[in-house]
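Protein chains in written order, with our numbering: chain A, 20 to 430; chain Z, 25 to 186. Just so you know, even glycine gets a beta-carbon here, dropped at the ideal spot from N, CA and C. The structure displayed is predicted, hence computed values, not measured ones. Beneath this line is the structure, given in structure tokens, with notes to follow.
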Amino acid sequence: MGSTAVEKIISRSAGRAVQVGEFVEVPVDFAYLHDGTGPLIVDALGKMGVEKVIDPDRVGIVFDHSVPPYSDQAATLQAKVRKFARSQGILKFHDLGEGICHQVMPEKGYVSPGTVVIGADSHSCTLGCFGLFSSGVGATDLAYILATGGTWLKVPETLKVECTGVLKGKLSSKDLILEIVKMVGTDGATYKALEFSGEAVRQMSQSSRMTMSNMAVEMGAKTGFMEADAKTFEFLGRTGPVVKTDSKTETVTVDAGSLDPKVACPGSVANVKSVVEVEGTHIDQAFLGSCTNGRYEDLYEAAKIIKGKKVHQDTRFIVIPASKTIQLAAQKDGLMDIFQEAGAIIGVTGCGPCLGVHMGVLGENEVCVSTSNRNFIGRMGHPKSSVYLASAQTVAASAVEGKITDPRRFA
Amino acid sequence: MLKGRVWKFGDDVDTDVIIPAKYLRSVDQTVWPKHVLEGLDPSFSLKVKLGDIIVAGKNFGCGSSREQAALAIKWAGVAAVIAESFARIFFRNAINNGLPLIECRGISKLVEEGEVIAVDLDRGEVRTNNGMLRSVPLPPFLQEIVNSGGLVEYYKARKKVH
Ligand code: SF4
Chain A
20 MGSTAVEKII
30 SRSAGRAVQV
40 GEFVEVPVDF
50 AYLHDGTGPL
60 IVDALGKMGV
70 EKVIDPDRVG
80 IVFDHSVPPY
90 SDQAATLQAK
100 VRKFARSQGI
110 LKFHDLGEGI
120 CHQVMPEKGY
130 VSPGTVVIGA
140 DSHSCTLGCF
150 GLFSSGVGAT
160 DLAYILATGG
170 TWLKVPETLK
180 VECTGVLKGK
190 LSSKDLILEI
200 VKMVGTDGAT
210 YKALEFSGEA
220 VRQMSQSSRM
230 TMSNMAVEMG
240 AKTGFMEADA
250 KTFEFLGRTG
260 PVVKTDSKTE
270 TVTVDAGSLD
280 PKVACPGSVA
290 NVKSVVEVEG
300 THIDQAFLGS
310 CTNGRYEDLY
320 EAAKIIKGKK
330 VHQDTRFIVI
340 PASKTIQLAA
350 QKDGLMDIFQ
360 EAGAIIGVTG
370 CGPCLGVHMG
380 VLGENEVCVS
390 TSNRNFIGRM
400 GHPKSSVYLA
410 SAQTVAASAV
420 EGKITDPRRF
430 A
Chain Z
25 MLKGRVWKFG
35 DDVDTDVIIP
45 AKYLRSVDQT
55 VWPKHVLEGL
65 DPSFSLKVKL
75 GDIIVAGKNF
85 GCGSSREQAA
95 LAIKWAGVAA
105 VIAESFARIF
115 FRNAINNGLP
125 LIECRGISKL
135 VEEGEVIAVD
145 LDRGEVRTNN
155 GMLRSVPLPP
165 FLQEIVNSGG
175 LVEYYKARKK
185 VH
């Protein structure tokens, strides 16, 4: 009887063989936080009486949630975290304008395959696609890690999602993961690790893989694991062990080759339909960005659709690259010009309107089609606004038409 | 043993409806309980009383890692949350802040809004007008964190021992 990849990674960290269901205390190889969760972490450390974090080299901080700060209070709280970073000698500190934490941490090569990573943000499951165990926690948990170097975990069962076939044409890994959320449900992987495997995953880019692991938490999962390979190492600029599952797990199968474009309709990420079923739904805003789909390939695919066309007169189209590195590359290749000429609004890199507080907040009864990961009530603004989640291709096509549109119409 | 009046909520109560992001970046932390659960019931914070108990369906607290969700509920005076199941980060955040939780299958069908129920946290028992439900109590070390009042207190107590 073998073990799952996640069991092996946690065993290595714990220094002994662990089993599913066990509670274990494990050292954490790398921890990160952002300006949203940072202030409560600094408070918790203060209450604990901790003056020095245990190892500043194993900590990353990124300011991404309020970029630039949208209120005096947001600025005051950022100043508190900035001061903390400096006084603790945390050098992996990325101030306003570097990007979204889940993008910046791997882009800078701070994490390694085979390790345990914890972030003070629910989408820290994203980094699981680098062949490591990465999970999100709240502020007090993260403070405890900074104080002690470790955390407690319940060793999760693994639910494997075998993705057969290969994505075609205007289809992307966002369509695939939306289909998977529909199959698994919003709590179908609670307390479990998801592991994505199969030909479709092997064939896709590391960026496309990030989109999938990003949404593991929308099914309740602790992490969205994928085996590391050459593409993983290239992205991180470093190699590491390739940890594989060699035991039997619960498995579901999805055929990536037979998908059509998908949207998650308002209210629940699992409320997934084919784009053709809701085509023609009026939109007020289209958003291309976030830690789910703000990467170079997303901008590239969207730009291909929108090139030489105009954003619909009744729609605002907001484009925000997920990091400065991505923005610079896109600028160099003329993608940002294409968006601006089409009438899109370019925002400064960061989370932007994804969490509904600035840079594109929805008004009463407004509708947005977004590449982000959550469409809960009020997520992007007014409690009576609604959000459809879709791929970069679908969002770009919809921005042109002013209504939800199948990107396959754009040859 | 806790006794409290029940407020009922459905499945998939997410952290954006528990406390919308627009209130998070406030340096005045007393705003959080004032807006607790306003996404589902705008007058909830006015109606909830000290010692009341929230009973919910599955996947309570799904969504973001914002610890303010657990704090807003605790500071609004809620004594415990009982749900069919919890999202894992919310579960950790509640324990780490000393907000008692019980995961109890079948609870949402058994309990009516407004009734007074009794909860035995150590034994994982819930007594309702329609009978008693038993669930698995927290493992001892998590119980210890809750009993210490949260992870900060737990850390301080352990540090003294070492
Ligand atoms: S882009 Fe949205 S989902 Fe991603 S970290 Fe930022 S707020 Fe969270």
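Can you check DSSP and say which residues form a bridge with residue i?
i, result
"ALA387/A", "A small correction: the amino acid at residue 387/A is Cys; Ala does not occupy that position in the sequence shown. Answer by DSSP bridge pairing, in chain order: GLN304/A and VAL406/A."
"MET399/A", "Note: MET399/A sits in no beta bridge, so no partner."
"PRO46/A", "GLY169/A"
"TRP31/Z", "ILE78/Z"
"LEU381/A", "GLY400/A"
"VAL105/Z", "ILE78/Z and LEU125/Z"
"SER342/A", "GLY118/A"
"GLU269/A", "LEU178/A"
"ILE364/A", "ILE337/A"
"LEU26/Z", "VAL143/Z"
Taking its Cβ as the centre, do 16 or more other Cβ atoms sit within 10 Å of residue i, making it buried, or is it exposed?
i, result
"LEU318/A", "buried"
"LYS241/A", "buried"
"HIS186/Z", "Low confidence applies here, because HIS186/Z scores a pLDDT of 49, under 50, leaving its location unreliable; read the following figure in that light. Label assigned to HIS186/Z: exposed."
"VAL295/A", "exposed"
"ALA363/A", "buried"
"THR270/A", "exposed"
"HIS301/A", "exposed"
"THR145/A", "buried"
"GLU62/Z", "buried"
"GLY157/A", "buried"
"THR54/Z", "exposed"
"PRO88/A", "buried"
"PHE42/A", "exposed"
"LEU110/A", "exposed"
"LEU74/Z", "exposed"
"LYS82/Z", "buried"
On the three-state DSSP scale, how would you describe residue i?
i, result
"PHE244/A", "strand"
"ASP40/Z", "helix"
"THR205/A", "coil"
"HIS142/A", "helix"
"TYR163/A", "helix"
"HIS53/A", "strand"
"LYS422/A", "strand"
"SER216/A", "strand"
"THR177/A", "strand"
"ASP274/A", "strand"
"THR251/A", "helix"
"GLY155/A", "strand"
"THR183/A", "strand"
"CYS86/Z", "strand"
"GLY237/A", "Gly is not the amino acid found at residue 237/A; the sequence shown has Glu there. GLU237/A: helix per DSSP, three-state reduction."
"PHE110/Z", "strand"
"GLU91/Z", "coil"
"HIS186/Z", "Here HIS186/Z scores only 49 on pLDDT, less than 50, and its place in the model is too uncertain to base an answer on."
"LEU354/A", "helix"
"ILE196/A", "helix"
"ILE119/Z", "helix"
"MET223/A", "coil"
"GLY65/A", "helix"
"GLY442/A", "Chain A is shown only over 20 to 430; residue 442/A falls outside these bounds and no answer can be derived."
"GLN38/A", "coil"
"ARG257/A", "coil"
"PHE429/A", "coil"
"MET229/A", "helix"
Given 8 Å, three or more beta-carbon pairs between the stretch 117–125 of chain A and the stretch 333–348 of chain A: yes
Contact between the stretch 176–190 of chain A and the stretch 275–287 of chain A (3+ Cβ pairs under 8 Å): yes
In chain order, each beta strand (DSSP E) run of at least 3 residues that lies wholly inside the stretch 127–180 of chain Z: 140–144, 149–152 and 155–158
Length at least 4, wholly inside the stretch 280–336 of chain A: the alpha helix (DSSP H) runs in chain order: 294–297, 309–312 and 315–325
Three CB pairs or more closer than 8 Å across the stretch 74–88 of chain A and the stretch 40–49 of chain A: yes
Every unbroken alpha helix (DSSP H) inside the stretch 77–136 of chain A [4 residues or more]: 91–107 and 120–126
Inter-stretch contact (C-beta, 8 Å, three-pair minimum) for the stretch 378–396 of chain A and the stretch 344–363 of chain A: no
Stretch pair the stretch 397–417 of chain A + the stretch 105–115 of chain A: three plus CB contacts closer than 8 Å: no
Validate contact between the stretch 69–77 of chain Z and the stretch 408–428 of chain A using beta carbons, cut 8 Å, 3 pairs: no
Contact between the stretch 407–427 of chain A and the stretch 318–335 of chain A (3+ Cβ pairs under 8 Å): yes
Meets three-Cβ-pair contact criterion under 8 Å: the stretch 123–140 of chain Z and the stretch 162–176 of chain A: no
Sufficient close CB pairs (3 or more, under 8 Å) joining the stretch 95–110 of chain Z to the stretch 125–132 of chain Z: yes
Start-end ranges of the alpha helix (DSSP H) lying completely within the stretch 44–74 of chain Z, minimum 4 residues: 55–58 and 68–71
Cβ contact check for the stretch 93–106 of chain A and the stretch 120–132 of chain A: 3 or more pairs under 8 Å: no
Touch test, the stretch 232–248 of chain A against the stretch 203–213 of chain A, Cβ-Cβ under 8 Å, three pairs minimum: yes
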